[in-house]
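Going by this note's numbering, the sequence shown opens with residue 7, and the numbers climb by one from there. Ideal Cβ positions, reconstructed from N, Cα and C, are used throughout, including at glycine. Since the model is a prediction, treat every value here as computed from it, not as a measurement. Please read the structure below before turning to the comments.
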Amino acid sequence: MPDKASVVTRFAPSPTGYLHIGGARTALFNWLYARHTGGKFLLRIEDTDRARSTPEATAAIFEGLEWLGLNWDGDAISQFERSPRHAEVAREMMARGTAYRCYSTIEEIEAFRGAARAAGRPPLFRSPWRDADPATHPDAPYVVRLKAPREGETTVEDVVQGTITWKNETLDDLILLRSDGTPTYMHAVVVDDHDMGVTHVIRGDDHLTNAARQTLIYRAMDWDVPVFAHVPLIHGPDGTKLSKRHGALGVEAYREMGFLPEAMRNYLLRLGWSHGDDEMISTEQAIEWFNLESIGRSPARVDFKKLDNINGHYMRQASDEALSAAMVPLLKARGYDVDGAISDQLTAAMPGLKERAKTLVELADSAHYLVAKRPLALDDKA
Numbered sequence: 007m008p009d010k011a012s013v014v015t016r017f018a019p020s021p022t023g024y025l026h027i028g029g030a031r032t033a034l035f036n037w038l039y040a041r042h043t044g045g046k047f048l049l050r051i052e053d054t055d056r057a058r059s060t061p062e063a064t065a066a067i068f069e070g071l072e073w074l075g076l077n078w079d080g081d082a083i084s085q086f087e088r089s090p091r092h093a094e095v096a097r098e099m100m101a102r103g104t105a106y107r108c109y110s111t112i113e114e115i116e117a118f119r120g121a122a123r124a125a126g127r128p129p130l131f132r133s134p135w136r137d138a139d140p141a142t143h144p145d146a147p148y149v150v151r152l153k154a155p156r157e158g159e160t161t162v163e164d165v166v167q168g169t170i171t172w173k174n175e176t177l178d179d180l181i182l183l184r185s186d187g188t189p190t191y192m193h194a195v196v197v198d199d200h201d202m203g204v205t206h207v208i209r210g211d212d213h214l215t216n217a218a219r220q221t222l223i224y225r226a227m228d229w230d231v232p233v234f235a236h237v238p239l240i241h242g243p244d245g246t247k248l249s250k251r252h253g254a255l256g257v258e259a260y261r262e263m264g265f266l267p268e269a270m271r272n273y274l275l276r277l278g279w280s281h282g283d284d285e286m287i288s289t290e291q292a293i294e295w296f297n298l299e300s301i302g303r304s305p306a307r308v309d310f311k312k313l314d315n316i317n318g319h320y321m322r323q324a325s326d327e328a329l330s331a332a333m334v335p336l337l338k339a340r341g342y343d344v345d346g347a348i349s350d351q352l353t354a355a356m357p358g359l360k361e362r363a364k365t366l367v368e369l370a371d372s373a374h375y376l377v378a379k380r381p382l383a384l385d386d387k388a
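This is the structure in structure tokens:
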């Protein structure tokens with residue numbers, strides 16, 4: 007296990023949409039562990055999928071992290087810009103004999119898999135080019151494949167999931183470089199993590215099988231394998247995997263719903279991590295207490311009522327001036343003219359207003375009478 011001060015974690019989102027709540031929690035756990043150990047927290051944008059990666063989505067990730075207060079060390083790294091380095095490592099692996107050129111066509115691979123299925127064998131492709139004499143190589147397009155071990159086992163010691171072992175016969179010779187020379191995700195991640203000096207890979211447990219295959223790439227290059235911590239995914243209130251039908255998922259949506267960043271940090275922390283029976287955990291306490299061993303093995307469920315309660319707690323703790331300042335953009339977005347005098351009135355009224363409100367939106371609703379044009383429009387009930 008690396009020395010604490012040398013800990014390097016990373017958050018590596020794909021810029022194909024907003025920063026969703028699961029990604030935000032992954033970022034938080036990586037940030038907290040780096041800050042707890044006095045190490046570094048790095049940001050890498052995995053933008054190799056050029057068709058789906060957009061500058062707008064990258065900007066949304068930056069904004070979401072900045073709003074949550076998760077500052078990263080150094081500049082964000084673009085995976086796409088590192089493509090020449092990924093290709094260089096693949097060539098080095100071929101020179102080492104741990105990777106090879108495969109000239110099999112898609113049709114040949116499908117025929118192989120079809121025959122395997124018909125014979126009752128696993129449809130794992132076994133390339134005829136794995137041990138071919140280079141003199142027999144045709145002048146044709148090829149992919150570069152990892153020469154994965156066929157015998158024995160690959161074991162990952164995961165801080166959260168425990169010891170997990172795969173039989174090597176169940177792992178394929180995964181593609182490192184496509185026929186156009188671009189790297190695959192699996193290969194690029196390992197090269198980037200190694201070059202960035204990442205010591206701890208903390209991510210969702212949907213990447214657990216990737217850990218076995220990526221371990222083989224580390225070993226093929228004689229590189230140190232990082233410490234893995236695969237965190238159970240977040241589920242919806244009904245116990246199924248969190249999806250859009252469960253409600254607002256983007257961090258910016260929670261911001262628009264009037265939640266405070268410190269409340270979101272506390273809430274996300276408690277989705278899968280615990281410290282005794284503590285519910286209200288300040289950021290300072292979280293940095294002091296956070297460890298990987300206290301991450302639970304069961305999926306956490308979102309609970310919007312709990313988020314409301316946590317946010318209400320942080321609003322009551324906040325200074326009147328800070329809450330007034332946070333409300334001004336909300337009120338202006340509603341078309342109200344908020345000048346200095348109004349801001350002073352908001353601050354003066356805040357002790358009474360914030361006692362009942364759970365979100366900034368509720369706070370803005372209850373402050374309506376202070377900013378509305380006179381005379382106030384009263385309904386029949388009033």
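The shortest C-alpha to C-alpha distance from T221 to any of D212, V231, H213 and L214 is the one to V231.
In the assembly as shown, K247 is an exposed residue. Its beta-carbon has fewer than 16 other beta-carbons within 10 Å. Rounded to the nearest whole angstrom, the CA to CA distance from M356 to N272 is 23 Å.
Residues of the same chain with a CB within less than 8 Å of the CB of F131, apart from the 5 flanking positions on each side, are S110, I115, F118, R119, D178 and D179 in chain order. For secondary structure counted as the alpha helix (DSSP H) over 4 or more consecutive residues, the stretch 63-115 holds these complete runs in sequence order: 89-102. Between the stretch 211-221 and the stretch 160-176, the count of Cβ pairs shorter than 8 Å is three or higher; the stretches touch.
The DSSP assignment places complete alpha helix (DSSP H) segments of no fewer than 4 residues inside the stretch 151-212 at 191-201, in order along the chain. For D326, same chain residues with a beta-carbon under 7 Å away, outside a window of 5 residues either side, are T353, M356 and P357 in chain order. Of the residues L274, P128, G203 and L183, the one whose Cα lies closest to the Cα of E98 is L183.
Restricting attention to I301, D284, R225 and N297, the CA atom closest to the CA of H236 is found in I301.
In this structure the stretch 316-326 does not lie against the stretch 63-76, because fewer than three pairs of beta carbons, one per stretch, are closer than 8 Å.
Per DSSP, the continuous beta strand (DSSP E) segment holding H236 begins and ends at V233 to V237. By the C-beta criterion, the stretch 202-214 is judged not to be in contact with the stretch 264-279, since fewer than 3 inter-stretch pairs fall below 8 Å. In the DSSP assignment, the residues bridged to T15 are F47. DSSP places E368 inside the alpha helix (DSSP H), whose first and last residues are L366 to S372.
In this structure, the straight-line span from the alpha carbon of A96 to that of A105 is close to 7 Å.
Within the model, the alpha-carbon separation for V149 versus I170 is close to 30 Å.
Between the stretch 334-343 and the stretch 280-291 there are fewer than three C-beta pairs closer than 8 Å, too few to call the two in contact. Classified as buried, Y39 has 16 or more neighbouring CB atoms from the shown chains inside 10 Å of its CB. Looking at the backbone, the Cα of A306 and that of L298 are separated by about 16 Å.
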